[in-house]
Structure formats: structure tokens, C-alpha cells
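One line per chain: the protein sequences are A and B, in this order. Counting in the working numbering, the first sequence runs without a single skipped number right up to 147 at its last residue. Counting in the working numbering, the second sequence runs without a single skipped number right up to 266 at its last residue. All C-beta atoms in this analysis are idealised placements derived from N, C-alpha and C, irrespective of residue type, glycine included.
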Amino acid sequence: MSQPKPPRVEVRLPSRLGFEKVAMSTAASVAKLIGLPDDRIEDLKTAVAEACINAIEHGNRLNENLSVGVILCAQPGALEVTVLDDGKGMKTQPHKPDIDRKMHGEEDPRGMGMFLIQSLVDEAEWVPGVDGASSYVRLVIRLDKEA
Amino acid sequence: MQSETKSRVDQLTSPAGHPVTVLRFEGDIASTSKEAVIGLYQSLSKDDAKLILLDFTKVDYINSSGIALVIQLLIEASNSGQKVVAFGLSAHFTKVFTMVGITKYAGLYATQDQALAAL
Numbered sequence: 001m002s003q004p005k006p007p008r009v010e011v012r013l014p015s016r017l018g019f020e021k022v023a024m025s026t027a028a029s030v031a032k033l034i035g036l037p038d039d040r041i042e043d044l045k046t047a048v049a050e051a052c053i054n055a056i057e058h059g060n061r062l063n064e065n066l067s068v069g070v071i072l073c074a075q076p077g078a079l080e081v082t083v084l085d086d087g088k089g090m091k092t093q094p095h096k097p098d099i100d101r102k103m104h105g106e107e108d109p110r111g112m113g114m115f116l117i118q119s120l121v122d123e124a125e126w127v128p129g130v131d132g133a134s135s136y137v138r139l140v141i142r143l144d145k146e147a
Numbered sequence: 148m149q150s151e152t153k154s155r156v157d158q159l160t161s162p163a164g165h166p167v168t169v170l171r172f173e174g175d176i177a178s179t180s181k182e183a184v185i186g187l188y189q190s191l192s193k194d195d196a197k198l199i200l201l202d203f204t205k206v207d208y209i210n211s212s213g214i215a216l217v218i219q220l221l222i223e224a225s226n227s228g229q230k231v232v233a234f235g236l237s238a239h240f241t242k243v244f245t246m247v248g249i250t251k252y253a254g255l256y257a258t259q260d261q262a263l264a265a266l
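Below, the structure is given as C-alpha cells:
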């Protein structure tokens, strides 16, 4: 007898800010079903929201003719989330925000999304599209790790 | 889709007898919240509002753009010699604010009474 497929949920969002909350609530529902603790669900919600905001703003450049794909796949002991857009992918790597530089006007107050994603989940990988489009970020949050 | 940010100003007195201005926020704090956060802050008199509390008790969702607005408020307050502390953040957003270093420039407290006592 073949093994059952891991549960998989897919959502498509319009490229409009605010709709990241649909992905947040979907991710929270799936995470609760697989037994993720409440504090880690909050971590996941913020990471998924920031990944979707990046996809909407930077990947799809707020073009509402394009959508953002969110795929949630329950693996044994973990939840994997993939957020896809039609952009080229992030050129920069996450860096820890320097609050002193921000307070002194030497660093943009914005630009914390990738740092938050990387800090709040167990794995985060930004993958550029092979043909200059269709890039994605893959997040993994595990059940057996404390926040 | 993003819930509108409501904000208002209250005036209190600290246990030490100093006037305290409270900015109370409600709803989401995101990129669309600039007027509710920065606009409300800029409407205060810099001479009268020397001690400022930020009330996040009724805030459900803050994203990185919303955190950037809070940092922008802290920059302006620092430049004006105002002291800012915050209260009412959930455990999760207390962790997020701590991660990005905001606690270096604004103390975070669980309740309004604790925040007032710290001024």
C-alpha cells in the first residue's frame, strides 16, 4: 500500500498589501492542526506575513495582475511554507538591523522583513527564479524546537 | 483588507507628578498607519509632551513596516528630547521589538501602571 501524501494546502493571493493576512491565518490553521505550540504559531504568522509582503512589494511590485502563491506542506515533524512570486528574487541576504544606525539616520528604518523571517523560523532559503522570474522563499518550522 | 489604525491621545500624570502623554493605538500597524502613528505624534506639542507612552494593548498585528514607523517616531522623539516607553504588546511582539533592538531606545512594559512607574 502506498504512503499517504503529506497534507498540502495552497493559497493564491492578489498582490495587494493586507492580503498577507489571509496567508497568516491559513498558516496558523494548518500549524494548529499539526500541533505547533501557540508561541511558535505566532512566529510562523509573522514570518509568513513578511514573506508575502516581500513577494507583493518587491517580487510582484504591487502589480495586481500577478498573484503570490503560498504552499503549506506538513512534513513529519515540521511545516514547510513556500511563498512564490514573479520577481527575480532577493539580491541581498538578511542582515541584523542596527538600531543605533537607524536612530542616527544612517540606515533605513525599514528593511527588517528578511531578518525577522530568518530569526523566527528554523530554516529560511531565498531562491531566485531560473529564468529571472518565479522566485520563491522556503521556510521550515519544526515542532520539536523551542522558540 | 488591512484594518484601519485608530489612534488617540490621552493625558495622564505619572506617580512622580509629571504630565504624561499617551498615544493609544488600535487595529493593525502597517505601512498604511503613517498618519495614525507619525501624524498623531507630530500633532503633539514638543514643549508640553516630554514623557510619552505608546499603548499597544489593542493592537493585533504589527508588520515590519509598522515597526519602522515606531522607529521613525522614536528618532523624532529622541531628536526632541522626549522620553518614550511602550506597554501592552503581546509576548510575541515584545520578542520581535526586542529582536530589532527597540528596547535600547524605548522600555517595554506589560501594563500602563508599570510604564508610568518607569517614567
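In this structure, what does DSSP give as the bridge partners for residue i?
i, result
"Lys-153 of chain B", "B:Glu-173"
"Val-140 of chain A", "A:Glu-80 and A:Glu-123"
"Tyr-256 of chain B", "B:Phe-234"
"Lys-205 of chain B", "B:Glu-173"
"Ala-73 of chain A", "Just to set this straight, residue 73 of chain A is Cys in the shown sequence, not Ala. Its beta-bridge partners are A:Arg-8 and A:Glu-80."
"Ser-67 of chain A", "A:Pro-14"
"Ile-199 of chain B", "B:Thr-168 and B:Val-231"
Relative to the alpha-carbon of residue i, which residue among the options has its alpha-carbon at the smallest distance?
i, options, result
"Trp-126 of chain A", "A:Lys-88, A:Leu-143, A:Asp-98 and A:Ile-99", "A:Lys-88"
"Leu-17 of chain A", "A:Asn-65, A:Arg-8 and A:Glu-57", "A:Glu-57"
"Ile-122 of chain A", "A:Pro-109, A:Gly-105 and A:Leu-143", "Checking the sequence, you will find Asp at residue 122 of chain A rather than Ile. Nearest of A:Pro-109, A:Gly-105 and A:Leu-143 to Asp-122 of chain A, Cα basis: A:Leu-143."
"Gln-118 of chain A", "B:Thr-179, B:Val-243, B:Thr-168 and B:Asp-202", "B:Val-243"
"Thr-46 of chain A", "A:Ile-141, A:Leu-139, A:Ser-135 and A:Met-24", "A:Met-24"
"Ala-35 of chain A", "A:Asp-131, A:Asp-98, A:Leu-62 and A:Ala-78", "Note on residue identity: the sequence assigns Gly, not Ala, to residue 35 of chain A. Comparing Cα-Cα distances from Gly-35 of chain A to each of A:Asp-131, A:Asp-98, A:Leu-62 and A:Ala-78, the minimum goes to A:Ala-78."
"Leu-255 of chain B", "B:Thr-241, B:Ser-212 and B:Ile-176", "B:Thr-241"
"Ala-133 of chain A", "A:Leu-84, A:Glu-42, A:Arg-12 and A:Pro-14", "A:Leu-84"
"Arg-8 of chain A", "A:Val-70, A:Pro-14 and A:Thr-92", "A:Val-70"
CA-CA distance, residue i and residue j?
i, j, result
"Gly-248 of chain B", "Gln-3 of chain A", "46 Å"
"Gln-75 of chain A", "Leu-33 of chain A", "12 Å"
"Gln-219 of chain B", "Met-103 of chain A", "8 Å"
"Leu-263 of chain B", "Glu-80 of chain A", "43 Å"
"Ser-67 of chain A", "Leu-116 of chain A", "23 Å"
"Lys-193 of chain B", "Glu-151 of chain B", "26 Å"
"Gly-186 of chain B", "Leu-216 of chain B", "10 Å"
"Asn-226 of chain B", "Val-232 of chain B", "15 Å"
"Ser-237 of chain B", "Gly-129 of chain A", "37 Å"
"Arg-155 of chain B", "Phe-172 of chain B", "7 Å"
"Leu-101 of chain A", "Lys-5 of chain A", "Here the sequence assigns Arg to residue 101 of chain A, which means Leu is not the residue at that position. Rounded to whole angstroms, Arg-101 of chain A to Lys-5 of chain A spans 48 Å at the Cα level."
"Asn-60 of chain A", "Asp-86 of chain A", "6 Å"
"Tyr-188 of chain B", "Glu-223 of chain B", "9 Å"
"Ile-214 of chain B", "Gly-113 of chain A", "10 Å"
"Lys-205 of chain B", "Asp-131 of chain A", "45 Å"
"Ala-55 of chain A", "Ser-161 of chain B", "44 Å"
"Ala-147 of chain A", "Val-11 of chain A", "Bear in mind that a pLDDT of 47 at Ala-147 of chain A, under 50, signals an unreliable position, so the model cannot answer this."
Does DSSP classify residue i as helix, strand or coil?
i, result
"Glu-182 of chain B", "helix"
"Leu-266 of chain B", "coil"
"Ile-34 of chain A", "coil"
"Thr-92 of chain A", "coil"
"Leu-191 of chain B", "coil"
"Leu-62 of chain A", "coil"
"Gln-261 of chain B", "helix"
"Gln-219 of chain B", "helix"
"Gln-158 of chain B", "strand"
"Asn-210 of chain B", "coil"
"Gly-87 of chain A", "coil"
"Gln-118 of chain A", "helix"
"Glu-20 of chain A", "helix"
"Asp-98 of chain A", "coil"
"Asp-131 of chain A", "coil"
"Lys-45 of chain A", "helix"
"His-239 of chain B", "helix"
"Ala-147 of chain A", "Caution is warranted here: a pLDDT of 47 is assigned to Ala-147 of chain A, below 50, making its placement in the model unreliable, and the coordinate value is therefore given only provisionally. Note: Ala-147 of chain A maps to coil in three-state DSSP."
So, under 8 Å CB-CB, residue i and residue j are touching, yes? Tell me the CB distance rounded to an integer number of Å.
i, j, result
"Leu-198 of chain B", "His-165 of chain B", "6 Å"
"Gly-235 of chain B", "Asp-202 of chain B", "5 Å"
"Leu-120 of chain A", "Ala-51 of chain A", "That belief does not hold up - the Cβ atoms of Leu-120 of chain A and Ala-51 of chain A are roughly 10 Å apart, past 8 Å."
Are the C-beta atoms of residue i and some chain D residue less than 9 Å apart?
i, result
"Tyr-208 of chain B", "This model lacks chain D altogether; the protein chains it does include are A and B."
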